[in-house]
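Scroll down for the structure; my scribbles are underneath it.
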Amino acid sequence: MYFIELTTCLDSDHALVRARICLRFTGRRKDAARKPLKGLLNDSQAKSIFQEQLEKQLGSYICDAHFEAAWNDIRKAVETAVISASTVTRMVKEKHWISAATSALIDAQKLTPSGSEHNEERSQLKGKLTRSLRNDREQ
Numbered sequence: 001m002y003f004i005e006l007t008t009c010l011d012s013d014h015a016l017v018r019a020r021i022c023l024r025f026t027g028r029r030k031d032a033a034r035k036p037l038k039g040l041l042n043d044s045q046a047k048s049i050f051q052e053q054l055e056k057q058l059g060s061y062i063c064d065a066h067f068e069a070a071w072n073d074i075r076k077a078v079e080t081a082v083i084s085a086s087t088v089t090r091m092v093k094e095k096h097w098i099s100a101a102t103s104a105l106i107d108a109q110k111l112t113p114s115g116s117e118h119n120e121e122r123s124q125l126k127g128k129l130t131r132s133l134r135n136d137r138e139q
């Protein structure tokens, strides 16, 4: 167990930052996929989309008297901004070497319903997708 040396005033932000650092070192490591903003904001197009979405969500925001409600509103705004910015960059990064036929197969695979009655269809799509990806990679 780790203890924080309480030499600072507990009302200050400094104590909170020190507590967060101590907790961060004792917790498990997070991989890069769980930190979407780190790689996302390196791309200028994604950064501008993120800022525009955040401005749209919080531009005319009036702070509530309730802290929890205000925090939830801000959290939701950031999440929607991250999702809208990451879908643009993800599509560009995923499909720069993937052909249109492979993209269509991926979309068809996503639309295939679950259940054992669709196993044959999923199996056929998986085989076609594997061959198509192999062909795209070799070109």
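Counting in UniProt numbering, the sequence shown runs from 1 upward without gaps.
Here a beta-carbon is modelled for each residue, glycine too, at the ideal position from N, C-alpha and C.
Keeping to the same chain, check which residues put their C-beta closer than 6 Å to that of residue i; ignore five residues upstream and five downstream.
i, result
"A81", "F50, Q53, L54"
"Q139", "none"
Which whole-angstrom value describes the C-beta separation of residue i and residue j, a residue pair presumed to lie in contact below a C-beta threshold of 8 Å?
i, j, result
"D43", "W97", "With a Cβ gap of about 18 Å, D43 and W97 do not count as contacting."
"S99", "A46", "That pair is no contact at about 24 Å."
Just checking residue i against the ligand ADP - is the residue's beta carbon closer than 8 Å to any of the ligand's heavy atoms?
i, result
"K47", "This structure simply doesn't include the ligand ADP, nor any ligand for that matter."
Looking at C-alpha atoms only, which residue of the options is the closest neighbour of residue i?
i, options, result
"Q124", "E138, I106, Q139", "I106"
"A101", "R134, D73, Q45, R75", "R134"
"T112", "W71, R131, R122", "R122"
"A104", "E117, S132, E120", "S132"
For residue i, which residues of its own chain have a beta-carbon under 7 Å away from its beta-carbon, when the five flanking residues on both sides are left out?
i, result
"Q57", "A77, T80, A81"
"H118", "T112"
"S84", "I49, Q53"
Using the three-state DSSP reduction, which class does residue i fall into: helix, strand or coil?
i, result
"G115", "coil"
"G127", "helix"
"W97", "coil"
"D107", "helix"
For residue i, which residues from the same chain have a beta carbon less than 8 Å from its beta carbon, with the 5 sequence-adjacent residues on both sides left out?
i, result
"Q109", "R122, L125, K126, L129"
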